[in-house]
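**Student:** Chains as they are written, first to last, in this note's numbering: chain R, 6 to 186; chain G, 6 to 186. Even glycine gets a Cβ: it sits at the ideal position worked out from N, Cα and C. Next up is a structure, given as structure tokens.
There are 2 protein chains.
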Amino acid sequence: MLTSSEITQRQEQAARMINNAGIYLKPEEVRRLEIADFGLSEFEKTGLGVLVYVNTERCCAKELAMWPHQTCPEHRHPTVGTKLGKEETFRCRWGTVYLYVEGPATQSPHAMPPAGREHTYTVWHEILLQPGEQYTLSPNTKHWFQAGDEGAVISEFSTRSTDEHDIFTDEEIQRFTQIKD
Amino acid sequence: MLTSSEITQRQEQAARMINNAGIYLKPEEVRRLEIADFGLSEFEKTGLGVLVYVNTERCCAKELAMWPHQTCPEHRHPTVGTKLGKEETFRCRWGTVYLYVEGPATQSPHAMPPAGREHTYTVWHEILLQPGEQYTLSPNTKHWFQAGDEGAVISEFSTRSTDEHDIFTDEEIQRFTQIKD
Chain R
6 MLTSSEITQR QEQAARMINN AGIYLKPEEV RRLEIADFGL SEFEKTGLGV LVYVNTERCC
66 AKELAMWPHQ TCPEHRHPTV GTKLGKEETF RCRWGTVYLY VEGPATQSPH AMPPAGREHT
126 YTVWHEILLQ PGEQYTLSPN TKHWFQAGDE GAVISEFSTR STDEHDIFTD EEIQRFTQIK
186 D
Chain G
6 MLTSSEITQR QEQAARMINN AGIYLKPEEV RRLEIADFGL SEFEKTGLGV LVYVNTERCC
66 AKELAMWPHQ TCPEHRHPTV GTKLGKEETF RCRWGTVYLY VEGPATQSPH AMPPAGREHT
126 YTVWHEILLQ PGEQYTLSPN TKHWFQAGDE GAVISEFSTR STDEHDIFTD EEIQRFTQIK
186 D
């Protein structure tokens with residue numbers, strides 16, 4: 006849960022990070038930038054800023070902004086009816102991202118899940134993304150990611166985004182941020 | 006037709022434009038950046054640089070670099086068999102782009118087609134794209150675009166790219182650049 010003024014402040018911070026990555030946003034894009042706290046009300050730990058550039062029936066592109074050590078919690082994009090689950094590519098533009106996917110667990114991973122929610126992080130195959138590095142996820146693959154010391158800006162290229170169908174490992178998560186006032 | 010050393014030089018120029026737009030490319034990405042002259046051997050007039058980040062069965066993302074007043078010639082992305090034609094979104098990152106699509110012809114358009122090939126430019130509905138501005142094209146829509154005075158860098162988000170199926174209005178065009186040596 007966030008207040009409207011907290012959301013405005015976070016939108017401006019996210020826009021600054023995205024601008025620092027060399028990406029120009031229009032003022033109306035900053036105002037519709039989503040500040041997602043996943044219903045956990047600990048935004049700096051679990052959350053991210055999301056600007057959707059385009060999301061048609063067939064494809065989608067977004068810019069993601071993450072605060073230092075902030076985590077996007079573990080989830081997957083399932084197939085729904087005849088619609089194959091979302092496929093996504095993350096390309097790091099600025100900062101450092103630790104992405105975790107299904108596969109052999111990495112010994113001594115860099116990221117730590119948000120305190121108290123460790124049980125909801127189950128995949129530990131680490132992929133390090135720095136500017137210019139990218140990774141493509143198959144549909145329905147469990148994944149989560151955390152920004153490094155400076156935060157991160159990530160471009161996401163994907164098939165259609167249908168956030169309402171995302172399945173989070175943490176059952177307390179609500180994908181859509183509630184506004185307090 | 007271009008020589009290998011011309012291609013290397015153009016790749017470096019394209020990478021500089023893309024870097025100036027704030028986008029970091031890895032050295033191996035610069036080496037595989039496509040320098041497309043559309044078989045017309047007048048690259049600074051008709052051509053562009055293309056870096057494909059990802060192109061799966063379902064979606065595609067690219068960075069396009071254009072030299073001052075350079076033109077990407079008129080073409081469309083048809084439906085092939087049961088595969089619906091490519092849908093694409095152009096987002097201007099740097100510079101100015103004049104995009105022309107089907108629709109009411111713009112009086113006094115900004116761009117001029119490359120000299121001698123004017124007859125192969127038939128759609129004249131102008132869309133001006135400056136940094137942070139974008140436009141989504143439906144499949145099979147004829148379109149062409151030209152960079153402004155400084156050149157341009159454009160992000161393209163789309164469904165799968167199958168360049169071999171593109172239909173150009175100019176029948177002399179060959180989509181794939183031939184290398185001289």
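Counting beta carbon pairs with one atom in the segment 146-153 of chain G and one in the segment 70-80 of chain G, are three or more of them shorter than 8 Å?
**Tutor:** With the cut-off at 8 Å, the segment 70-80 of chain G and the segment 146-153 of chain G touch.
**Student:** Please look up how many angstroms separate the CB atoms of residue 170 (chain G) and residue 106 (chain G), rounded, as I've assumed it's under 8 Å.
**Tutor:** In the second sequence, residue 170 (chain G) corresponds to position 165, counting from 1. In the second sequence, residue 106 (chain G) corresponds to position 101, counting from 1. At roughly 19 Å, the Cβ-Cβ gap does not stay under 8 Å, so residue 170 (chain G) and residue 106 (chain G) are not in contact.
**Student:** Taking only three categories from DSSP, how would you classify residue 151 (chain R)?
**Tutor:** Here residue 151 (chain R) refers to the residue found at position 146 when the first sequence is read from its first residue. The answer is strand: DSSP assigns residue 151 (chain R) an E or B state.
**Student:** Report the start-end ranges of each beta strand (DSSP E) in the segment 39-112 of chain G that is 3 residues or longer and not cut off at the edges.
**Tutor:** Qualifying beta strand (DSSP E) stretches, in chain order: 39-41, 53-60, 65-71, 76-81 and 93-106.
**Student:** Identify the continuous beta strand (DSSP E) that holds residue 141 (chain G) and give its terminal residues.
**Tutor:** For the purposes of this step, residue 141 (chain G) is taken as the residue at position 136 of the second sequence. It spans 139-142 - the beta strand (DSSP E) in which residue 141 (chain G) sits, taken as one unbroken run.
**Student:** Helix, strand or coil: how does DSSP classify residue 131 (chain G) here?
**Tutor:** Start at 1 with the first residue of the second sequence, and residue 131 (chain G) comes out as number 126. Of the three classes helix, strand and coil, the one that applies to residue 131 (chain G) here is strand, per DSSP.
**Student:** For residue 22 (chain G), does the count of other Cβ atoms within 10 angstroms reach 16, so buried, or fall short, so exposed?
**Tutor:** Here residue 22 (chain G) corresponds to residue number 17 of the second sequence, with the count starting at 1. When all chains shown are included, residue 22 (chain G) counts as buried.
**Student:** Run down chain G in chain order and give the residues with a C-beta less than 9 Å from the C-beta of residue 34 (chain R).
**Tutor:** For the purposes of this step, residue 34 (chain R) is identified with residue 29 of the first sequence, where counting begins at 1. Those within 9 Å of residue 34 (chain R) in chain G are 137.
**Student:** Distance check for residue 42 (chain G) and residue 187 (chain R), CA to CA, integer angstroms please.
**Tutor:** Missing from the structure shown is residue 187 (chain R); chain R here goes from 6 to 186 and no further.
**Student:** Buried or exposed: where does residue 100 (chain G) fall if 16 or more other Cβ atoms within 10 Å of its Cβ makes it buried?
**Tutor:** In the second sequence, the residue the question calls residue 100 (chain G) occupies position 95. Per the 10 Å Cβ criterion, buried.
**Student:** Can the beta-carbon of residue 54 (chain R) be found closer than 8 Å to that of residue 15 (chain R)?
**Tutor:** The residue given as residue 54 (chain R) occupies position 49 in the first sequence. The residue given as residue 15 (chain R) occupies position 10 in the first sequence. Yes, the pair counts as a contact, with Cβ atoms nearer than the cut-off.
**Student:** Can you tell me whether residue 52 (chain G) is buried or exposed? The criterion is at least 16 other CB atoms within 10 Å of its CB, across all chains shown.
**Tutor:** Indexing the second sequence from 1 puts residue 52 (chain G) at position 47. By the neighbour-count rule (16 or more Cβ atoms within 10 Å), residue 52 (chain G) is buried.
**Student:** Answer yes if the segment 160-168 of chain R comes into contact with the segment 80-98 of chain R, meaning at least three C-beta pairs across the two stretches below 8 Å, and no otherwise.
**Tutor:** Yes, the segment 80-98 of chain R touches the segment 160-168 of chain R.
**Student:** Compute the minimum distance between the beta carbon of residue 53 (chain R) and the heavy atoms of the ligand SAM, and state whether it is under 7 Å.
**Tutor:** Because no ligand of any kind appears in the structure shown, any question about the ligand SAM cannot be addressed here.
**Student:** What residues of chain G sit near residue 184 (chain R), judged by a beta carbon separation below 9 Å?
**Tutor:** Residue numbering aside, residue 184 (chain R) sits at position 179 when the first sequence is read from its first letter. Going along chain G, no residue has its Cβ under 9 Å from residue 184 (chain R), so there is no contact; the nearest lies around 26 Å.
**Student:** Taking the Cβ atom as the reference point for each residue, do residue 159 (chain R) and residue 96 (chain R) lie within a distance shorter than 8 Å?
**Tutor:** On the first sequence, position 154 is the one that residue 159 (chain R) refers to. On the first sequence, position 91 is the one that residue 96 (chain R) refers to. Yes.
**Student:** I believe residue 173 (chain G) touches residue 79 (chain G) by the beta-carbon criterion, under 8 Å. Please report the beta-carbon distance rounded to the nearest angstrom.
**Tutor:** By one-based count along the second sequence, residue 173 (chain G) stands at place 168. By one-based count along the second sequence, residue 79 (chain G) stands at place 74. Sure, about 7 Å apart at Cβ, within 8 Å.
**Student:** Does the Cβ of residue 70 (chain R) have 16 or more other Cβ atoms within 10 Å, making it buried, or fewer, making it exposed?
**Tutor:** Residue 70 (chain R) sits at position 65 when you count from the first residue of the first sequence. Residue 70 (chain R) should be labelled buried.
**Student:** Give me the DSSP bridge partner(s) of residue 158 (chain G).
**Tutor:** Locating residue 158 (chain G) in the second sequence gives position 153, counting from the first residue. According to DSSP, which records beta bridges pairwise, residue 158 (chain G) is partnered with G:70 and G:99.
**Student:** Excluding the 5 residues preceding and the 5 following residue 58 (chain R) in the sequence, name in chain order all residues of the same chain whose CB lies nearer than 6 Å to its CB.
**Tutor:** For the purposes of this step, residue 58 (chain R) is taken as residue 53 along the first sequence, with counting starting at 1. Excluding positions up to five away in sequence, the list reads 66.
**Student:** Hey, could you find the ends of the alpha helix (DSSP H) residue 12 (chain G) is sitting in?
**Tutor:** Along the second sequence, one-based indexing puts residue 12 (chain G) at 7. Residues 9-25.
**Student:** May I ask you to list the residues that DSSP assigns as paired with residue 173 (chain R)?
**Tutor:** Here the question's residue 173 (chain R) lines up with position 168 in the first sequence. DSSP, once it has assigned bridges, lists R:80 as partnering residue 173 (chain R).
**Student:** Are the Cβ atoms of residue 38 (chain G) and residue 20 (chain G) separated by less than 8 Å?
**Tutor:** The sequence position of residue 38 (chain G) within the second sequence is 33, counting from 1. The sequence position of residue 20 (chain G) within the second sequence is 15, counting from 1. Taking 8 Å as the Cβ cut-off, residue 38 (chain G) and residue 20 (chain G) qualify as a contacting pair.
**Student:** Name the chain R residues that come within less than 9 Å of residue 96 (chain G), Cβ to Cβ?
**Tutor:** Mapped onto the second sequence, residue 96 (chain G) falls at position 91. Result: 58, 59 and 66.
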